[in-house]
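Visitor: Numbering (UniProt numbering), first residue to last: 1 to 285.
Cβ coordinates follow ideal geometry from the N, Cα and C atoms, glycine included.
This structure is a prediction, so every number in the text was calculated from the model and none was measured.
Written out as structure tokens, the structure reads:
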């Protein structure tokens, strides 16, 4: 892949991230769980503390959290293969996932509010309007919305979609981009075990180097195969989601949620991860 040329607006957008008020933070399965599939409590509490700090300074953070299927699989002693097994794992794990957020944020004087979504919540105008009003109200009340696809009843994230149907979202990367776009967010942060977008697949090309920023509209044809065994969103999914949000005028940072103090570093304008520059306000599509 050719290296996207340096955009002079990159430094400006990096330095302005601290001013972001409405921030959507997506936590991948690799961030939520440790290598044994258990809740990575120390890491999660560290991230929650930073989210609480954002709330205290007047920001409106929202979480999109994966991990329910992985948590449920451990509880049920399964390596889920069928759709029904994955949905059963989601049902078992979602409660534990939310209890972690509710207990953690309660210690910080905050309320975590669960919001489970399906495609119909975006496709149906009435449901979409209700969803937006609910999220806006939660933010006004100082709560921390914690969103996830309702895997127990929705199949889009758990199975290969019908080729004749174009899904509105197919994983939590795309869900987070949708939420950021529809709520007019100032910033979307995608945290996983991926440190950055590289010039090529670093698992296959030892010469691959990380890209600090991606200008809006840059050509990103590259070998982007691969992804976590435990999560469903690989690099292609993350790039597609980032570009969708950027087209709507929302800057996106792709970074590793395993790195220490990653949220503080991103918002301080440090050159960590990859920043997808947003479309100019007058050129949003």
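To the nearest angstrom, how far is it from the Cα of residue 193 to the Cα of residue 234?
Guide: By 1-based counting over the chain shown, the position of residue 193 is 193. By 1-based counting over the chain shown, the position of residue 234 is 234. Whole-angstrom Cα-Cα distance: 10 angstroms.
Visitor: Tell me residue 113's beta-bridge partners as DSSP assigns them.
Guide: Counting from 1 along the chain shown, the entry for residue 113 is found at position 113. Beta-bridge pairing by DSSP links residue 113 to 145.
Visitor: Rounded to the nearest angstrom, what separates residue 86 and residue 75 at their Cα positions?
Guide: Counting from one through the chain shown, the residue named residue 86 turns up at place 86. Counting from one through the chain shown, the residue named residue 75 turns up at place 75. Straight through space, the alpha carbons of residue 75 and residue 86 are spaced by roughly 12 angstroms.
Visitor: Give every residue of the same chain whose Cβ lies closer than 7 angstroms to the Cβ of residue 44, excluding the five residues on either side of it in the sequence, and list them in chain order.
Guide: Along the chain shown, read from residue 1 onward, the residue named residue 44 stands at position 44. Closer than 7 angstroms at the Cβ level, and outside the excluded window around residue 44, lie 32, 100, 104.
Visitor: Considering only their Cβ atoms, is the gap separating residue 173 from residue 191 smaller than 8 angstroms?
Guide: Your numbering for residue 191 matches position 191 in the chain shown. Your numbering for residue 173 matches position 173 in the chain shown. In this structure, residue 173 does not lie closer than 8 angstroms to residue 191 by Cβ.
Visitor: Residue 144: which of 98, 127, 126 sits nearest, CA to CA?
Guide: Walking along the chain shown from the start, residue 144 turns up at place 144. It is 98.
Visitor: Per DSSP, what kind of secondary structure is residue 27 in: helix, strand or coil?
Guide: Translated into the one-based positions of the chain shown, residue 27 becomes position 27. Reduced to three states, the DSSP call for residue 27 is strand.
Visitor: Count the other CB atoms within 10 Å of the CB of residue 198; is the residue buried (16 or more) or exposed (fewer)?
Guide: Residue numbering aside, residue 198 sits at position 198 when the chain shown is read from its first letter. With 16 or more other Cβ atoms within 10 Å, it is buried.
Visitor: Does DSSP classify residue 213 as helix, strand or coil?
Guide: Locating residue 213 in the chain shown gives position 213, counting from the first residue. Strand.
Visitor: To which residues does DSSP link residue 75 through a beta bridge?
Guide: By 1-based counting over the chain shown, the position of residue 75 is 75. In the DSSP output, where bridge partners are listed per residue, residue 75 has none listed.
Visitor: Since I believe residue 149 is in contact with residue 183 (beta carbons under 8 angstroms), could you give me their beta-carbon distance rounded to a whole number of angstroms?
Guide: Here the question's residue 183 lines up with position 183 in the chain shown. Here the question's residue 149 lines up with position 149 in the chain shown. Approximately 17 angstroms separates the beta-carbon atoms of residue 183 and residue 149; this is outside 8 angstroms, ruling out the contact.
Visitor: Just tell me which of 46, 16, 40 has its CA closest to the CA of residue 260.
Guide: On the chain shown, residue 260 is found 260 positions in, with the first residue counted as 1. Looking at the Cα atoms, 46 is the closest of the given residues.
Visitor: Within 10 Å of its beta-carbon, does residue 12 have 16 or more other beta-carbons around it, so buried, or fewer, so exposed?
Guide: Counted from its first residue, the chain shown places residue 12 at position 12. When all chains shown are included, residue 12 counts as exposed.
Visitor: Going by DSSP in three states, residue 266 sits in which element: helix, strand or coil?
Guide: Taking the first residue of the chain shown as 1, we reach residue 266 at position 266. In this structure, residue 266 counts as helix in the three-state DSSP scheme.
Visitor: Evaluate residue 121 with the Cβ neighbour count: other Cβ atoms within 10 Å of its Cβ, from every protein chain shown; 16 or more gives buried, anything less gives exposed.
Guide: Mapped onto the chain shown, residue 121 falls at position 121. By the 10 Å Cβ count, residue 121 comes out buried.
Visitor: With a threshold of 6 angstroms on Cβ separation, who are the neighbours of residue 138 within its own chain once the five nearest residues in sequence on each side are excluded?
Guide: The residue labelled residue 138 in the question sits at position 138 within the chain shown. The answer, listed in chain order, is 113, 145.
Visitor: What residues in its chain sit with their C-beta under 8 angstroms from that of residue 15, if we drop five residues either side in the sequence?
Guide: If you number the chain shown from 1, residue 15 lands on position 15. Excluding sequence neighbours, residue 15 sits near 269.
Visitor: Whose C-alpha, out of 176, 249, 82, 208, is nearest the C-alpha of residue 28?
Guide: Within the chain shown, the letter at position 28 stands for residue 28. Selected option, being the one with the closest Cα: 176.
Visitor: Taking 8 angstroms as the threshold (C-beta atoms), are residue 54 and residue 266 in contact?
Guide: As a first step, residue 266 is located in the chain shown; it is residue number 266 there, counting from the start. As a first step, residue 54 is located in the chain shown; it is residue number 54 there, counting from the start. Contact flag unset, no.
Visitor: Could you pull the start and end residues of the alpha helix (DSSP H) that residue 94 belongs to?
Guide: As a position in the chain shown, residue 94 is number 94, starting the count at 1. Segment 83-107, the alpha helix (DSSP H) holding residue 94.
Visitor: Which word fits residue 109, buried or exposed, when buried means at least 16 other C-beta atoms lie within 10 angstroms of its C-beta?
Guide: Taking the first residue of the chain shown as position 1, residue 109 is located at position 109. It counts as exposed.
Visitor: Which of helix, strand or coil does DSSP assign to residue 279?
Guide: Here residue 279 refers to the residue found at position 279 when the chain shown is read from its first residue. Coil.
Visitor: Whole angstroms are fine: how far does the CA of residue 94 sit from the CA of residue 186?
Guide: Locating residue 186 in the chain shown gives position 186, where the first residue counts as 1. Locating residue 94 in the chain shown gives position 94, where the first residue counts as 1. Between residue 186 and residue 94, the C-alpha separation is close to 28 angstroms.
Visitor: Based on Cα-Cα distance, which residue from 58, 73, 264 lies nearest to residue 91?
Guide: Taking the first residue of the chain shown as position 1, residue 91 is located at position 91. The shortest C-alpha separation from residue 91 is found at 73.
Visitor: Check whether the stretch 47-66 touches the stretch 208-220, counting contact only when three or more Cβ pairs, one atom from each stretch, lie closer than 8 angstroms.
Guide: no
Visitor: Please state if the CB of residue 115 and the CB of residue 147 are separated by a distance shorter than 8 angstroms.
Guide: Counting from 1 along the chain shown, the entry for residue 147 is found at position 147. Counting from 1 along the chain shown, the entry for residue 115 is found at position 115. Cβ atoms of residue 147 and residue 115: closer than 8 angstroms.
Visitor: Residue range of the beta strand (DSSP E) that residue 347 falls in?
Guide: Only positions 1 to 285 of the chain appear in this structure, which leaves residue 347 out of reach.
Visitor: Do you know whose CA, among 152, 52, 71, lies nearest residue 39's CA?
Guide: Indexing the chain shown from 1 puts residue 39 at position 39. The candidate whose alpha carbon is nearest that of residue 39 is 71.
Visitor: Counting along the chain, where does the beta strand (DSSP E) carrying residue 253 start and finish?
Guide: Translated into the one-based positions of the chain shown, residue 253 becomes position 253. Looking at the DSSP string, the run of the beta strand (DSSP E) that includes residue 253 is 252-256.
Visitor: Could you tell me the alpha carbon to alpha carbon distance between residue 142 and residue 264, rounded to whole angstroms?
Guide: As a first step, residue 142 is located in the chain shown; it is residue number 142 there, counting from the start. As a first step, residue 264 is located in the chain shown; it is residue number 264 there, counting from the start. Near 20 angstroms, if we compare the C-alpha coordinates of residue 264 and residue 142.
Visitor: Tell me whether residue 42 sits in a helix, a strand or coil according to DSSP, three-state version.
Guide: Here the question's residue 42 lines up with position 42 in the chain shown. If DSSP states are grouped into helix, strand and coil, residue 42 belongs with the helices.
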